[in-house]
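Just below is one structure, and these are the notes that go with it.
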Amino acid sequence: MFDYHALAPELIVGGTLMAALLADLVLPEERKYLVGVVGIVGLVAALFPLLTLGFCEDLGFCSGATERVMFGGSYVVDDFALVMKGLFLVTGVISILMSVGYIESERYYQGEFYWLIVASVTGAVVMASSRDLITVFIGLELVSGPAFLLAGWRKGDVRSNEAALKFFLIGVLSAAILLFGMSLVYGLTGEITFEGIRAASATLADEPAFVMGVIFVLVGFGFKISAVPFHFWAPDTYQGAPTPVAAYLSVGSKAAGFVGLLTVCYLAFSEVASIWGPALWLLAALSMTIGNLTALKQTNIVRLLGFSSVAHAGFVLVPFAMAASYDAEGLQSAFFASITYLLVYAFMNLGAFAVVIAVAAKTGSAELDDWAGLSRYAPVPAVLLAVFFFSLAGIPPLAGWFAKLVMFRAVLGGTGAWGAALAVIAAVNAVIALAYYARVVKTAFMDPVPATVPLADAGAPIAPALVLALGVTAAVVVVAGFYPPILSFFGDAARALAFGG
Amino acid sequence: MSFTDWITDARNVVFLVIALVMVGAAVVVVATRNVVHAALTLVVALAGSAALFVMLGAEFVAWTVVLVYIGAVVVLFLFGIMITRAPIGRDSVRLDHVRRWPAALIAASVFGVMAWSTTAAFGGEEISDGVLKAENIGDLLFSRYVIPFEAVSFVLLAALVGGIVLARKDPDR
């Protein structure tokens with residue numbers, strides 16, 4: 001029968017969804033924030049089975065194999081899946097914390113808002129364990145569906161309408177492309193599980209229809225991780241959507257896309273790496289360069305973070321782009337580097353968006369000009385802004401430097417001119433990125449305060465939930481910068497997937 | 502196989518008729534200037550695809566196409582048109598786009614590449630004549646594919662909750 005221990009995180013999150021929906025039904029309007037509390041409690045509760053599963057043997061719950069294969073290989077709970085589930089749950093908790101003050105101030109369908117975030121996280125949790133085409137696709141739909149709706153939450157705002165519509169149309173298009181690619185792959189291999197596809201695909205590398213299938217699958221996931229040239233929706237959507245939703249999209253939904261892309265490439269298409277290797281190289285190089293160059297010209301902080309998240313998607317892809325030419329050891333180091341980068345990126349980007357929410361409450365906008373001289377009247381948010389932006393730029397001793405270090409180590413570990421060329425492109429881009437991150441910090445600390453800001457109520461304290469979100473992310477970014485093993489331990493655990501591949 | 506051999510098989514004649522009707526309907530969908538006609542012709546195209554699934558022995562998929570696409574999606578289209586554009590009929594706003602010829606070129610070349618590569622891959626293969634029964638699908642859904650099945654039900658619930666929030670009139674506060 002079912003392995004209830006292995007499925008416990010999904011069952012708890014699913015139960016939380018039902019509980020939150022009931023809570024929303026019975027709670028009076030002024031208590032709707034309690035739906036968010038239910039969501040947070042549920043997501044945190046789902047973290048515990050992850051621990052008991054991860055340290056199963058040490059705790060004496062089980063012996064022998066730690067990898068649990070269920071449903072004929074369709075659903076696997078291994079260390080990689082546990083790490084990614086943990087990341088998704090924590091992202092969900094921080095996103096809800098960021099939303100509480102923000103969405104409460106508009107008194108706008110709070111209960112449903114939190115509920116949809118938890119629903120989207122549920123999809124991401126399912127995706128982390130998916131090892132067949134059907135489950136991975138449905139998981140991705142459960143991640144995106146609620147996100148489309150959340151992007152349009154500010155119904156009265158034309159920007160938000162545009163954000164949701166653009167995101168929805170692009171999302172539907174990418175889902176169609178992905179599904180078409182999957183149908184070609186299934187038609188040619190006759191297999192639905194990644195393991196079966198890998199076994200059946202060894203002779204198919206020269207089959208045109210199979211190549212098209214693989215490329216379509218890459219394109220479909222490319223939209224989800226907003227890699228160039230499939231990125232154009234991201235900055236518009238981030239800017240128009242409510243800021244906590246933009247934060248969730250740039251971390252949770254993007255990481256879910258990465259999980260899908262990495263598991264499909266590694267486990268299903270590992271025999272045909274000659275097809276996706278060069279394609280990912282191109283995606284990585286273009287995403288970094290175009291993302292960073294466009295970010296240089298932005299005057300709105302949220303748009304700037306949108307383009308910077310496009311560039312970071314490129315950095316995460318860098319180790320994978322060379323994976324096709326690696327041996328088993330190189331593959332593991334590529335996996336370690338990408339997952340570690342993703343973990344670090346998640347915390348610093350969520351933190352950066354939390355700062356944007358905190359500061360926008362004082363300045364009334366996310367335009368860079370209005371942020372001038374921020375340190376004079378809001379010193380704490382200004383310092384946190386510097387922390388997260390310098391971390392995103394990769395300056396020691398903040399966590400971002402370690403992510404960049406493992407990324408360069410993985411790409412230089414391989415041999416050949418292509419790897420070296422990609423490393424050079426990544427290095428140039430790291431410098432470009434520093435320019436625009438530093439410009440924001442310089443404006444906040446050095447420039448004179450404009451006449452229109454701060455707002456009259458700028459002295460009001462930041463919402464306690466937002467303070468908690470800022471505190472957690474800042475603590476992780478600073479501590480992981482001084483002592484990287486607290487995050488790289490999880491990246492290390494995720495190497496497990498490379499053994500299976 | 503010569504064309505005479507091909508055409509004397511009754512199944513191929515049925516396929517040819519259905520396929521031609523589908524292509525014709527699909528062209529009308531994009532070419533007509535009346536939105537309601539486009540939606541109704543889409544019914545014909547979708548019914549044709551359901552008929553093709555019946556020919557392949559996938560009757561459950563065929564009925565799903567009828568129920569979901571013809572029964573729900575197209576009706577939703579018509580309701581959408583009815584609610585948003587009061588004068589139903591020939592539309593004064595042109596439905597096409599200035600870049601329709603480049604778009605048509607790209608669509609045609611994508612079709613060419615797909616047709617070539619799929620016929621090259623599956624050309625001479627005959628599928629085994631197993632008829633897929635709804636009973637088997639039901640068994641699979643509740644055993645092996647129970648996780649995606651439950652996930653889909655959350656997708657629908659999320660669409661319901663979010664759709665109501667976005668569509669409803671805001672109460673005065």
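Residue numbers (the working numbering), protein chains in the order written: chain A, 1 to 501; chain B, 502 to 674.
All C-beta atoms, glycine included, are put in the ideal place defined by N, C-alpha and C.
These numbers were taken from a predicted model, which means no experiment stands behind them.
Item, Value
"Is A:W276 close to chain B? Criterion is C-beta to C-beta, closer than 9 Å.", "no"
"How many Å lie between A:R409 and A:G190 at the Cα?", "38 Å"
"Can you list the residues of chain A that B:L667 reaches, using a CB-CB cut of under 7 Å?", "L149, G152 and K155"
"Is the Cβ of A:Y544 closer than 9 Å to any Cβ of chain B?", "Since the first residue of chain A shown is 1 and the last is 501, residue 544 of chain A is not available in this structure."
"Within the 9 Å Cβ cut-off, does B:P603 reach chain A?", "no"
"Can you tell me the Cα-Cα spacing of B:R512 and B:F554, whole angstroms?", "13 Å"
"Check the Cβ-Cβ distances between A:T135 and every residue of chain B, and say whether any is below 9 Å.", "yes"
"Output needed for B:L667: all residues of its chain with C-beta closer than 6 Å, excluding positions within five of it in sequence on either side, in chain order.", "none"
"Are A:A234 and A:L249 close, meaning C-beta to C-beta below 9 Å?", "yes"
"Pull up the CB-CB distance for B:A559 and B:L633, whole angstroms please, since I reckon it's below 8 Å.", "5 Å"
"Closer than 8 Å is the cut-off here; do at least three beta carbon pairs connect the stretch 1-20 of chain A with the stretch 451-467 of chain A?", "no"
"Roughly how many whole angstroms lie between the Cα atoms of B:T542 and B:M583?", "17 Å"
"Please report whether the beta-carbon of A:I301 lies at a distance below 9 Å from any beta-carbon of chain B.", "no"
"Can you grab the Cα-Cα spacing for the pair A:K166 / A:L282, in whole Å?", "25 Å"
"Could you pull the start and end residues of the beta strand (DSSP E) that A:Y266 belongs to?", "Where A:Y266 is concerned, there is no enclosing beta strand (DSSP E), given that its DSSP letter is neither H nor E."
"Looking only at its own chain, which residues have a Cβ that is under 8 Å from the Cβ of A:L140, when we skip the five neighbours before and after it?", "G123, M127, A175, L178, K224, A256, G257 and G260"
"How many Å lie between B:L661 and A:P146 at the Cα?", "10 Å"
"For the beta strand (DSSP E) that A:M70 lies in, which residues bound it at each end?", "R68 to M70"
"If we ignore side chains and look at the alpha-carbon of each, how far apart do A:L59 and A:F482 end up?", "29 Å"
"Under 7 Å between beta-carbons, which chain A residues line up against B:Y731? List them in chain order, please.", "Absent from the structure is residue 731 of chain B, since the part of chain B shown begins at 502 and ends at 674."
"How far does the alpha helix (DSSP H) with A:V467 in it extend, from its first residue to its last?", "P464 to F482"
"Please report the residue range of the alpha helix (DSSP H) in which A:V214 lies.", "P208 to K224"
"Hey, is A:V100's beta-carbon within less than 9 Å of any beta-carbon in chain B?", "no"
"Could you tell me the alpha carbon to alpha carbon distance between A:I94 and B:L642, rounded to whole angstroms?", "34 Å"
"Could you tell me which chain B residues have their CB closer than 7 Å to the CB of A:A119, listed as they occur along the chain?", "F655 and A659"
"Using alpha carbons as the reference points, say which of A:L385, A:V38 and A:E30 lies closest to A:I301.", "A:L385"
"Do we get a CB-CB distance below 9 Å when we pair B:T619 with the residues of chain A?", "yes"
"Quick one: which chain A residues come within Cβ less than 7 Å of B:A652?", "G123, V126, I138, G139 and L142"
"With a 10 Å radius around its C-beta and 16 neighbouring C-beta atoms as the bar for buried, classify B:A573 as buried or exposed.", "exposed"
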